Amino acid sequence: MSYEQIPQELQALRQWVCYGAPDRPLKMPFNPDTGQPAKAGDPSTWTTFEAAWGGIIVQGYQGMGFEFAAGGGIVGIDFDHCLNRETMELNPQVAAWVEAFNSYTEISPSGEGLHILCKGRLPSETGKRRGGVEMYDQGRYFTMTGASYGPLRPLRAAQDAIDRLYSELSGEQEKPPSKAAQPPEMGWNDVIPATGAEQDPLGLLTIVQTAKNAKNGDRFTRLWEGDISGYPSHSEADQALCNILAFYTIKDPQAMDQLFRMSGLMRPKWDEKHGGCTYGEATIRKAIADTQEVYQRGKRQEAPKREVYGLQIITSGDLTSKQFPPTRYVVKELLPQGLAIIAAPSKYGKSWFVLQMLLDVSAGKPFLNFQTVPCRCLYLALEDSWPRLQYRLKKLLDGNPAPDRFDFANEARPLGEGLIESLEDYIKKNPDLGILVIDTLQKVRGAVNSKESAYGADYREIGMLKGFADRHNICLLLVHHLRKAGDDGDPFNRISGTNGIMGAADTIMVMTREKRSDKQTTLSLTGRDVDSKELVLSFEPDTCLWQVLGDADWLTEQRKRLAYQSDPLVITVKGLLKENPGGWSGTMTELMEEGKRLANTLLADSPRKLTSRLAKTEEQLFFYDKILHEKGKNGTGSATHYFRYNTVQRTVDENPQEGDPFE
30 MSYEQIPQEL QALRQWVCYG APDRPLKMPF NPDTGQPAKA GDPSTWTTFE
80 AAWGGIIVQG YQGMGFEFAA GGGIVGIDFD HCLNRETMEL NPQVAAWVEA
130 FNSYTEISPS GEGLHILCKG RLPSETGKRR GGVEMYDQGR YFTMTGASYG
180 PLRPLRAAQD AIDRLYSELS GEQEKPPSKA AQPPEMGWND VIPATGAEQD
230 PLGLLTIVQT AKNAKNGDRF TRLWEGDISG YPSHSEADQA LCNILAFYTI
280 KDPQAMDQLF RMSGLMRPKW DEKHGGCTYG EATIRKAIAD TQEVYQRGKR
330 QEAPKREVYG LQIITSGDLT SKQFPPTRYV VKELLPQGLA IIAAPSKYGK
380 SWFVLQMLLD VSAGKPFLNF QTVPCRCLYL ALEDSWPRLQ YRLKKLLDGN
430 PAPDRFDFAN EARPLGEGLI ESLEDYIKKN PDLGILVIDT LQKVRGAVNS
480 KESAYGADYR EIGMLKGFAD RHNICLLLVH HLRKAGDDGD PFNRISGTNG
530 IMGAADTIMV MTREKRSDKQ TTLSLTGRDV DSKELVLSFE PDTCLWQVLG
580 DADWLTEQRK RLAYQSDPLV ITVKGLLKEN PGGWSGTMTE LMEEGKRLAN
630 TLLADSPRKL TSRLAKTEEQ LFFYDKILHE KGKNGTGSAT HYFRYNTVQR
680 TVDENPQEGD PFE
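Under our numbering, the first residue of the sequence shown is numbered 30, with each subsequent residue one higher.
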């Protein structure tokens, strides 16, 4: 569940319960603070959002629910059996109502329905129910998931939509609202409409298109796509492409280099040094020297005798006004296009993680409660045999049919020895590819060059893979390992290899645990097109499925809060203030006796040790419950301690007795 997505306005209300207690009816609501059943219409049996989530993590409830309170101004609409959990296709009429309410909408626990929560009120106190639609604003509770349907919407006022839907359910033949025309979200097969220079501010793609449209465009296209047939060697094909690029770029070496790296002819040899310069630099120099004419809007022009190597400039004003294609995501908020890395120690379950993700992406199902964009998936499982892959696939499918657009391979050539060429061949046959996973990176590393630094080799090889991903607007995810050394507090510093790997990647995910035997795993995420975050995950050994428990910082705070709430000293102090609303005072010896009565335990071995323990708890008492602690002498040599809520004014005795430590 992804409860952190629930709007803060709802989280702030003390209208939460838990459900799914062991050996009890699944949907019977409970107050996790007391362990007793919660009651509709009785706020004293409800609790806070934080306590409900804590009940799931610590006490084993299956989920949490939101109770609708009379006069609370929150309306819930339940659309049942309207969503195809496999295709995520929504009933058109329900989709129209989702747009009309335009308020927080989440997928129900069944995966086949939707819940909408909004601000407003119903005309009737009894709610409204008809067919598969129910409306309530009191006397009921919703089981919550936090799995937002579509874009995450805030809690909004929607009285007009409430009234219209209520009228329709009451039998008045009012049609659902027409769905407002919205620009379609870009899918992986959509073609981005070209708008000239608006889509190509630096002109490189314009050069490519111009060359393809020329009379000899077929020759350029074959070279551009990596076809070296008709040339004695790969090197002569490289030179032929550079000669064409010199003509169309007006002999601009920087543009020629950028374009060549985008082409299908690009290989590691391009950056290899020979006699003081790289192979690529030498090839470009020869092309410039041999080119006598350059391109200018359809006519040939003699090359200038003096070459000026200017920068390709775009003004800040022009840059801010450009309309660039939006970033495409495989998994919303988690995995965008480009080069990504997921790193973890061995045997952490990262191969199960990527296989589960690919199955969800290929089927368009949410992954870890994040929405996916369905596309073709290719998994290079280079450390697995076919029988092992079959076992894992069947385990995760759990009897369901295998998705159509999901391909496997368990062997591949290394970088520089045919890997990129084989991937180009695959994507040419399968242009709907959206994500490629290479498991693991080490299996496709090229031969070691003794003259190249480790950083240079890492950056070059990762750059080659990134270039392939960027050329085709796909996500290329590399599965990698972590070093065993300490991480100095930064999990990303544990990625095996040099900083060249992390520097070339667009998105990085790292899986860590405090101890290998821990049942919970922290997934740390950072990148250029994602917000940095840490999620706490758990791996279920029975199903081999990964689940998200929530945000790491939030869960840490919840554990602290739960530890505080279960502290016998805190239970004793709060129990005394419940019995004595105006405050309680006494010695440590007396407090120890009260602990036996209220917490059924010995608070400390001695009054002195209890004093030390109280000093450590004092700040938490005020932070969590606004309980003040004061200390004074009682005239007998012992200290008297006084506890009260910050909102309670301690009564001052107009005639204090001698020895009163607080007067």
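Ideal Cβ placement from N, Cα and C applies to all residues, glycine included. Computed from a prediction, not measured in an experiment: that's the story for all the values here.
Inset, instruction - Could you check if K56 is buried or exposed, using at least 16 other CB atoms within 10 Å of its CB as the buried criterion? - result: exposed
Inset, instruction - Leaving out five residues on either side along the sequence, give the residues of the same chain with a beta carbon under 7 Å from the beta carbon of A98. - result: Q44, P72, Q167
Legend entry - Start and end residues, alpha helix (DSSP H) containing S614: Here S614 belongs to no alpha helix (DSSP H); instead the beta strand (DSSP E) covers 613-615.
Legend entry - Cβ separation of A372 and L252, assumed to be a contact under 8 Å, to the nearest whole Å: Contact doesn't hold; Cβ gap of about 37 Å is too wide.
Inset, instruction - Starting from H670, follow its DSSP beta bridges and name the residues at the other end. - result: G615, K660
Legend entry - G346 versus L340: straight-line alpha-carbon distance, rounded: 17 Å
Legend entry - Whole-angstrom distance between R182 and R474, CA atom to CA atom: 44 Å
Legend entry - Beta-carbon spacing of E115, K394 below 9 Å: yes
Inset, instruction - Have a look at the DSSP bridge pairing and note the partners of P365. - result: Y358
Inset, instruction - Return the residue from the list V602, L605, S635, R626 that minimises the CA-CA distance to T618. - result: S635
Inset, instruction - Find out if the Cβ-Cβ distance for the pair V162, F95 is shorter than 9 Å. - result: no
Inset, instruction - Measure the C-alpha to C-alpha separation of R185 and T134 and round it to an integer number of angstroms. - result: 11 Å
Inset, instruction - Note the first and the last residue of the continuous alpha helix (DSSP H) segment covering C271. - result: 263-277
Legend entry - Within 9 Å, strictly: CB atoms of E464 and I524: Just to set this straight, residue 464 is Ile in the shown sequence, not Glu. Not a contact, by the Cβ cut-off of 9 Å.
Legend entry - Inter-residue spacing [alpha-carbon to alpha-carbon] between E362 and V559: 6 Å
Legend entry - Given 8 Å, three or more beta-carbon pairs between the segment 619-626 and the segment 116-128: no
Legend entry - CB of S137 within 9 Å of CB of Q400, strictly: no
Inset, instruction - Run the CB neighbour count on W299, radius 10 Å, all protein chains shown included, and call it buried at 16 or more, exposed below. - result: buried
Inset, instruction - Since I believe G445 is in contact with Y484 (beta carbons under 8 Å), could you give me their beta-carbon distance rounded to a whole number of angstroms? - result: That pair is no contact at about 18 Å.
Inset, instruction - Please state whether DSSP places V46 in a helix, a strand or coil. - result: strand
Legend entry - DSSP-derived helix/strand/coil call for Q576: strand
Inset, instruction - Run the CB neighbour count on V599, radius 10 Å, all protein chains shown included, and call it buried at 16 or more, exposed below. - result: buried
Legend entry - First and last residue of the uninterrupted beta strand (DSSP E) at E301: From DSSP, E301 is part of no beta strand (DSSP E); its letter is neither H nor E.
Legend entry - Test item: CB-CB of L272 and T320 under 9 Å: Checking the sequence, you will find Asn at residue 272 rather than Leu. Taking 9 Å as the Cβ cut-off, N272 and T320 qualify as a contacting pair.
Legend entry - Best match in P443, A392, I449, L462 for proximity to N429 [C-alpha to C-alpha]: A392
Inset, instruction - Please state whether DSSP places I491 in a helix, a strand or coil. - result: helix
Legend entry - T344, buried or exposed, once every other Cβ within 10 Å from all chains shown has been counted against 16: exposed
Legend entry - Inter-residue spacing [alpha-carbon to alpha-carbon] between H509 and R542: 16 Å
Legend entry - Beta-carbon gap between M173 and G92 smaller than 9 Å: yes
Inset, instruction - Output the distance between the C-alpha atoms of K241 and D247, rounded to the nearest integer angstrom. - result: 7 Å
Inset, instruction - Check the DSSP bridge columns for P180 and list the partner residues they point to. - result: DSSP output for P180 lists no bridge partner at all.
Inset, instruction - Using 10 angstroms around the beta-carbon of K379, count the other beta-carbons present and answer buried if the total reaches 16, otherwise exposed. - result: buried
Inset, instruction - Go through its chain and collect everything with a Cβ distance to E563's Cβ below 8 Å, but skip five positions before and after it. - result: T551, L552, S553, L554, D580, A581, D582
Legend entry - Secondary structure of N18, DSSP reduced to three states: For residue 18 there is no data in the structure shown, the boundaries of the chain being 30 and 692.
Legend entry - E310, enclosing beta strand (DSSP E) - first and last residue: Segment 308-319 is the alpha helix (DSSP H) holding E310; no beta strand (DSSP E) there.
Inset, instruction - Can you say whether G612 is buried or exposed, counting buried as having 16 or more other CB atoms within 10 angstroms of its CB? - result: buried
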